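Undergrad: Below is the structure I would like to discuss, written out as structure tokens.
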Amino acid sequence: MRTLGIIVCTVRKSPPFHEAGFFKRLALEGRRLGVGLLIFSPKQVDWNRRRVKGWTFSTEENRWVAGEHPLPTLVYDRCFYTHSSQYREYKPFVMRLDKDPHVQLLGRGLVGKWDTHLILSRNASLLPHLPETRKWEGPDKALSFLRQHRKIVIKPNGGSHGRGVAAIQQSGNGYQVHGRTRENRFFHLTFDDESSLKQWLSRFVATTRYVMQPYLELNTPDGRPYDLRMLIQKNERGEWITTGMAIRTGKPHSLTSNLHGGGRAEKALPFLLRHFRREQVEDIMEKIHWLAAVVPPHIERHHGRLLELGLDVGIDADGRVWILEVNSKPGRSVFLLTGQKDVYRQATLLPIRVAQAIFNRQTGG
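Quick note: the sequence shown, position 101, residue 101 per my numbering, numbers continuous.
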């Protein structure tokens, strides 16, 4: 049986990887299509024998079973890095897979917010949708940026789920800071002077790479932050399609709408119609669909092969659409939370169907 490999960062649990439910669905669909599924860490490859220790799903036992297998020739990257040191630890192993002439990655992971911003900035038509973005270069530059904008947001270059994000604003003669720690705990701090804020920023950022942006007012009238998540995937013919979209809303007066920070999800169109006039919604949807058509091929042209993208956009009170984040390893759970089961099924099964199509083209099937 032809086999799709999925690379993961292993964790201390059983089975020793995240997304086991997603992978089980892929394995069951793969069985129906004649495509096996092997979960493995890129660190576990024996290159001399071109074999790897990994896990396959046993339908008879309804569990993941460890074993040694031939190294797959087609690989789906689902490595999630919890911190920069883990990224540096795994990077050489993923790069070796990517450079091997007998292995094809379905898509190459994006490397961070800053590099993604630079890629997007190369398309002049996207510039009106990009928030001003600066590389973190220390507390002094951050305070200078703050003086320009009165309120700014700092984000880890490689972070996700809203962890390590903070908003900073001038408040009278002092400063207010609120956000989430890297452990995803909420905090709200007050600083009386610039010196104490700079000391705190140095400790908070430490050696992590960060970016800075002006704070955008992307909230509902009752103060809940929200964004719109689009899942854009390649189909079996290699064409980009928008699989689905949903709104994510955060807690009132929180900084992010991320579901991991206690947010909730709902269908996009009913939400927008509640908060904007119908003609505004039509204009917003037109812009969003245009972004879905333009962003993936543009990034792929400058970055390399991609399979899917999560495109997060913000919509301000005037109906202006902003690109907030582009994620090359998007989740799918938002569609379960909105009751869009057909969208969730398509989002989940498309990678294995794309793998089947690639195998068929390789063998002339």
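All residues carry an ideal CB built from backbone N, CA and C; glycine is no exception. Given the structure is predicted, the values throughout are model-derived calculations rather than measurements.
1) Using DSSP bridges, identify the partner residues of Gly174.
2) For Lys13 and Ala20, what's the separation of their Cα atoms in angstroms?
3) Below 8 Å on the Cβ atoms is my contact criterion, and I expect Leu74 with Ala355 to pass it. Report the Cβ-Cβ distance as a whole number of Å.
4) According to DSSP, is Arg248 part of a helix, a strand, or is it coil?
5) Rounded to whole angstroms, what's the CA-CA distance from Ser121 to His69? Just pull it up for me.
6) Do three or more CB pairs link the segment 284-300 to the segment 320-327 at distances below 8 Å?
7) Does the contact criterion of 3 or more C-beta pairs under 8 Å hold for the segment 157-166 versus the segment 174-184?
8) Since Pro214 and Ser254 should fall inside the 8 Å C-beta cutoff, what is the C-beta to C-beta distance between them, to a whole number of angstroms?
9) Sorted by chain position, which residues of the same chain lie with C-beta nearer than 8 Å to Leu367's C-beta, five sequence neighbours on each side aside?
10) Need the endpoints of the alpha helix (DSSP H) that His302 sits in, please.
11) DSSP state of Thr366, grouped into three classes?
12) Buried or exposed: Met230, going by 16 or more other Cβ atoms within 10 Å of its Cβ?
13) Assign Lys113 to one of two classes, buried (16 or more other C-beta atoms within 10 Å of its C-beta) or exposed (fewer than that).
14) Apart from the five residues just before and just after Leu218, which ones in its own chain have a Cβ nearer than 7 Å to its Cβ?
15) Go ahead and pull the three-state DSSP assignment for Asn219.
16) In angstroms with no decimal places, state the Cα-to-Cα distance between Arg2 and Gly36.
17) Pop quiz: Leu349 and Glu29 are said to be a contact at Cβ under 8 Å. What is the actual Cβ separation, rounded to whole angstroms?
18) Consult DSSP for Lys13 and reduce its assignment to one of helix, strand or coil.
19) Give a yes or no on whether the C-beta atoms belonging to Arg88 and Leu71 are separated by under 8 Å.
20) For my contact list, Phe335 and Ala347 are in at a C-beta cut-off of 8 Å; report their separation, rounded to the angstrom.
21) If I'm right that Phe276 touches Ile247 with Cβ under 8 Å, what's the distance once you round it to whole angstroms?
22) What is the C-beta distance between Ser41 and Ile7, in whole angstroms, given that I count them as a contact (C-beta under 8 Å)?
23) Three-state secondary structure (DSSP) at Gly5?
24) Thinking just about the alpha-carbon of each residue, which of Pro15, Leu130 and Cys79 is nearest to the one in Thr56?
25) Glu130 to Asn123, Cα distance in whole Å?
26) Given a cut-off of 8 Å, decide if Arg108 and Gly331 are closer than it, judged by their beta-carbon atoms.
27) Between the beta-carbon of Asn157 and the beta-carbon of Val211, is there less than 8 Å?
28) What is the DSSP secondary structure of Trp47, reduced to helix, strand or coil?
29) Leaving aside the five residues before and after Ser58 along the sequence, list all residues of the same chain whose C-beta is less than 6 Å from its C-beta, in chain order.
30) What's the gap between the Cα of Leu26 and the Cα of Pro351?
31) Rounded to whole angstroms, what is the Cα-Cα separation between Ser125 and Trp240?
32) Starting from Tyr76 and walking both ways along the beta strand (DSSP E), at which residues does that stretch end?
33) Looking at the secondary structure, which residues open and close the alpha helix (DSSP H) in which Asp115 lies?
34) Please classify His117 as buried or exposed, where buried requires at least 16 other C-beta atoms within 10 Å of its C-beta.
35) By how many angstroms is the C-alpha of Gly223 removed from the C-alpha of Gly250?
TA: On the basis of the data shown:
1) As a first step, residue 174 must be located in the sequence shown, where it is residue number 174. Answer is Ser171, bridged to Gly174.
2) Residue 13 sits at position 13 when you count from the first residue of the sequence shown. Residue 20 sits at position 20 when you count from the first residue of the sequence shown. Approximately 11 Å, taken between the alpha carbons.
3) Reading the sequence shown from its first residue, position 74 is the one you call residue 74. Reading the sequence shown from its first residue, position 355 is the one you call residue 355. Contact holds; Cβ gap of about 6 Å.
4) Counted from its first residue, the sequence shown places residue 248 at position 248. Strand.
5) Here the question's residue 121 lines up with position 121 in the sequence shown. Here the question's residue 69 lines up with position 69 in the sequence shown. In a straight line, the C-alpha of Ser121 is about 43 Å away from that of His69.
6) yes
7) yes
8) Position 214 of the sequence shown, counting from 1, holds the residue named residue 214. Position 254 of the sequence shown, counting from 1, holds the residue named residue 254. No, Pro214 and Ser254 are not in contact; Cβ-Cβ is about 18 Å, not under 8 Å.
9) Any answer about residue 367 is impossible in this case: the structure gives the chain only from 1 up to 365.
10) By 1-based counting over the sequence shown, the position of residue 302 is 302. Following the DSSP letters along the chain, one finds His302 inside the alpha helix (DSSP H) bounded by residues Arg278 to His303.
11) The structure shown has nothing for residue 366, since the chain only spans 1 to 365.
12) The count along the sequence shown starts at 1 and reaches residue 230 at position 230. Buried is the call here.
13) Here residue 113 refers to the residue found at position 113 of the sequence shown. When all chains shown are included, Lys113 counts as buried.
14) As a working note, residue 218 is residue 218 in the sequence shown. Closer than 7 Å at the Cβ level, and outside the excluded window around Leu218, lie Pro225, Tyr226, Asp227, Gly314, Ile315 and Asp316.
15) Taking the first residue of the sequence shown as 1, we reach residue 219 at position 219. It is a strand residue.
16) Along the sequence shown, read from residue 1 onward, the residue named residue 2 stands at position 2. Along the sequence shown, read from residue 1 onward, the residue named residue 36 stands at position 36. Taking the straight line joining both Cα atoms gives about 6 Å.
17) The count along the sequence shown starts at 1 and reaches residue 349 at position 349. The count along the sequence shown starts at 1 and reaches residue 29 at position 29. The Cβ separation is near 5 Å, so the contact holds.
18) Here residue 13 corresponds to residue number 13 of the sequence shown, with the count starting at 1. Of the three classes helix, strand and coil, the one that applies to Lys13 here is coil, per DSSP.
19) To locate residue 88, count along the sequence shown from 1; it is residue 88. To locate residue 71, count along the sequence shown from 1; it is residue 71. No, the pair does not count as a contact, with Cβ atoms beyond the cut-off.
20) Translated into the one-based positions of the sequence shown, residue 335 becomes position 335. Translated into the one-based positions of the sequence shown, residue 347 becomes position 347. About 6 Å separates the two Cβ atoms, so the contact holds.
21) Residue numbering aside, residue 276 sits at position 276 when the sequence shown is read from its first letter. Residue numbering aside, residue 247 sits at position 247 when the sequence shown is read from its first letter. About 12 Å; that fails the 8 Å criterion.
22) Against the sequence shown, residue 41 aligns to sequence position 41. Against the sequence shown, residue 7 aligns to sequence position 7. Indeed they touch by this definition, with Cβ atoms about 7 Å apart.
23) Here residue 5 refers to the residue found at position 5 when the sequence shown is read from its first residue. Note: Gly5 maps to strand in three-state DSSP.
24) Reading the sequence shown from its first residue, position 56 is the one you call residue 56. Nearest option by C-alpha distance: Pro15.
25) To locate residue 130, count along the sequence shown from 1; it is residue 130. To locate residue 123, count along the sequence shown from 1; it is residue 123. In the sequence as presented, Glu is not what sits at residue 130; that position holds Leu. Their backbone Cα atoms lie some 11 Å apart in a straight line.
26) Position 331 of the sequence shown holds residue 331. Position 108 of the sequence shown holds residue 108. Not a contact, by the Cβ cut-off of 8 Å.
27) The residue given as residue 157 occupies position 157 in the sequence shown. The residue given as residue 211 occupies position 211 in the sequence shown. Contact: yes.
28) For this step, residue 47 is matched to residue 47 along the sequence shown. Secondary structure at Trp47: coil, using DSSP grouped into helix, strand and coil.
29) Looking up residue 58 in the sequence shown gives position 58. Excluding residues within five positions, the ones whose Cβ falls inside 6 Å are Val65.
30) Within the sequence shown, the letter at position 26 stands for residue 26. Within the sequence shown, the letter at position 351 stands for residue 351. Computed Cα separation, rounded: 8 Å.
31) Working through the sequence shown from its first residue, we reach residue 125 at position 125. Working through the sequence shown from its first residue, we reach residue 240 at position 240. Going from the Cα of Ser125 to the Cα of Trp240 covers about 19 Å.
32) By one-based count along the sequence shown, residue 76 stands at place 76. Where Tyr76 is concerned, the enclosing beta strand (DSSP E) stretches over Leu74 to Asp77.
33) Numbered from its first residue, the sequence shown carries residue 115 at position 115. Taken as a continuous stretch (DSSP letters only), the alpha helix (DSSP H) holding Asp115 covers Lys113 to Ser121.
34) Position 117 of the sequence shown, counted from the first residue, corresponds to residue 117. With 16 or more Cβ atoms within 10 Å of its Cβ, His117 is classed as buried.
35) In the sequence shown, the residue the question calls residue 250 occupies position 250. In the sequence shown, the residue the question calls residue 223 occupies position 223. Looking at the two C-alpha atoms, the distance is approximately 9 Å.
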